[in-house]
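2 protein chains.
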Amino acid sequence: MGLTKSENFTAQQNELAQIAKALGHPARVAILQHLLKVKSCICGAIVDEVPLSQPTISRHLKELKAVGLIKGSIEGTSINYCIDGERWAEVQNLLNGLFARYEPFEEGCAC
Amino acid sequence: MGLTKSENFTAQQNELAQIAKALGHPARVAILQHLLKVKSCICGAIVDEVPLSQPTISRHLKELKAVGLIKGSIEGTSINYCIDGERWAEVQNLLNGLFARYEPFEEGCAC
DNA sequence: TATTTATATTGCAATATTACGATAATTGGT
DNA sequence: ACCAATTATCGTAATATTGCAATATAAATA
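Keeping their order, the protein sequence lines are chains A and B. Each step along the first sequence adds one to the number in numbering that gives the first Met the number 0, with nothing skipped, and position 97 is 96. Each step along the second sequence adds one to the number in numbering that gives the first Met the number 0, with nothing skipped, and position 49 is 48.
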């Protein structure tokens with residue numbers, strides 16, 4: 000089927016999953032890491048950094064934009080990309096909210 | 000093509016992506032949240048909690064096991080599932096390592 | 001207006017994912 | 001050995017994702 004039954008889950012579960020999905024490709028991780036490293040808006044030098052074709056990079060950028068992790072603004076004939084700091088913190092909190100909830104239990108575990 | 004060119008990326012980028020991918024489905028998020036909530040090994044009551052068929056749940060559990068986030072041990076005719084605490088912390092650090100790297104830059108951003 | 005540069009979109013092919021019914025495998029109990 | 005309970009696997013169908021070539025779009029410049 001390939002069709003996720005998202006209507007069965009909460010909005011939070013769906014959002015978390017959607018964000019994780021966006022992070023779920025090494026090219027998109029690489030793009031984010033690059034944006035973090037250069038610490039500035041970059042004018043589309045991503046194609047030179049990530050070993051994929053320009054159309055493919057463009058697609059990945061679109062997906063990262065769709066979940067709000069990055070934003071881009073037109074700068075002449077090229078485009079400035081950068082991390083969306085506000086959304087970035089939001090997502091960090093969302094993920095941390097999941098991971099911080101874990102507590103080991105005293106009785107031990109057979110697993 | 001549908002075939003990720005993972006050979007083009009670093010081991011860390013691929014691992015991060017793989018973990019994120021495992022988190023990238025609401026059913027798997029729901030399963031993890033349930034395991035966090037009950038704070039104990041559960042004997043496969045997941046099928047009653049998550050509105051999907053038993054075979055589908057089984058597949059999702061398999062994927063979560065594959066990236067090490069959960070583990071299961073046979074308990075009679077059923078199976079105990081729980082979060083793998085060690086791996087959980089590891090993944091938390093990996094994700095936080097990505098998100099903590101962000102610093103807003105002074106010059107501002109046209110985006 | 002034509003040209004160059006940079007990015008997005010389209011179209012297509014191949015692989016991956018999701019879901020479920022049917023069935024198998026495993027264990028415990030009778 | 002047989003049966004019930006629980007989980008895993010198989011088979012199949014439908015949709016999603018990935019990647020690139022070709023093309024379109026948009027902006028600056030000659």
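C-beta: ideal position from N, C-alpha, C; glycine also.
Span separating the alpha-carbon of residue i from that of residue j
i, j, result
"D47 (chain A)", "G23 (chain A)", "21 angstroms"
"V66 (chain B)", "F104 (chain B)", "35 angstroms"
"C81 (chain B)", "N13 (chain A)", "22 angstroms"
"A88 (chain B)", "L94 (chain B)", "10 angstroms"
"G1 (chain A)", "T55 (chain B)", "12 angstroms"
"K70 (chain B)", "K64 (chain B)", "6 angstroms"
Min CB distance residue i to chain B below 8 angstroms
i, result
"H59 (chain A)", "no"
"V28 (chain A)", "yes"
"Q53 (chain A)", "no"
"L94 (chain A)", "yes"
Run of the beta strand (DSSP E) containing residue i, from where it starts to where it stops
i, result
"N79 (chain B)", "S77 to I82"
"E48 (chain A)", "Careful: E48 (chain A) lies outside any beta strand (DSSP E), inside the alpha helix (DSSP H) at I45 to E48."
"E74 (chain B)", "I69 to E74"
Cross-chain neighbours of residue i in chain A, by beta carbon under 7 angstroms
i, result
"I24 (chain B)", "According to the sequence as given, residue 24 (chain B) is His; it is not Ile. Those within 7 angstroms of H24 (chain B) in chain A are T3 and A16."
Contact set between residue i and chain B, taken where Cβ atoms lie within less than 7 angstroms
i, result
"E114 (chain A)", "Missing from the structure shown is residue 114 (chain A); chain A here goes from 0 to 110 and no further."
Under 9 angstroms by beta carbon: chain A residues contacting residue i
i, result
"K20 (chain B)", "A19, K20, L22, G23 and H24"
Counted within 10 angstroms of its Cβ, other Cβ atoms place residue i as buried (16 or more) or exposed
i, result
"P25 (chain A)", "buried"
"K20 (chain A)", "buried"
"K16 (chain B)", "According to the sequence as given, residue 16 (chain B) is Ala; it is not Lys. With 16 or more other Cβ atoms within 10 Å, it is buried."
"I45 (chain A)", "buried"
"A99 (chain A)", "exposed"
"A29 (chain B)", "buried"
"I73 (chain A)", "exposed"
Contacts that residue i makes with chain B (C-beta to C-beta distance below 8 angstroms)
i, result
"G84 (chain A)", "Y101 and P103"
Residue range of the unbroken alpha helix (DSSP H) whose run includes residue i
i, result
"H59 (chain B)", "Q53 to A65"
is_contact[residue i, chain A] using C-beta, thresh 8 angstroms
i, result
"L35 (chain B)", "yes"
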